[in-house]
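*Asks:*
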């Protein structure tokens with residue numbers, strides 16, 4: 008359960024980070040709301056990565 012949640016967070020955060028990066032390159036004239044979105048998406052991605060690593064360390068493999 009924890010592993011699936013963390014993988015989902017990695018995918019959501021990674022896709023949102025990529026989309027935010029593309030949007031930031033596209034809308035370089037007005038970057039302020041895009042940079043907020045990008046930082047939130049990257050934080051989600053990092054949380055998912057940390058949860059995935061911790062679940063691989065502490066949870067037994069099925």
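Numbering (our numbering), first residue to last: 8 to 69. Here a beta-carbon is modelled for each residue, glycine too, at the ideal position from N, C-alpha and C.
Counting only runs of 4+ residues fully inside the segment 9 to 68, write out the alpha helix (DSSP H) ranges in chain order.
*Replies:* 9 to 33 and 39 to 65
*Asks:* CA-CA distance, residue 1 and residue 54?
*Replies:* No information on residue 1 is available, as it lies outside the stretch 8 to 69 that the chain covers here.
*Asks:* Just mark residue 12 as buried or exposed, buried being the case when its beta carbon has 16 or more other beta carbons within 10 Å.
*Replies:* exposed
*Asks:* Rounded to a whole number of angstroms, what is the C-alpha to C-alpha distance between residue 59 and residue 14?
*Replies:* 7 Å
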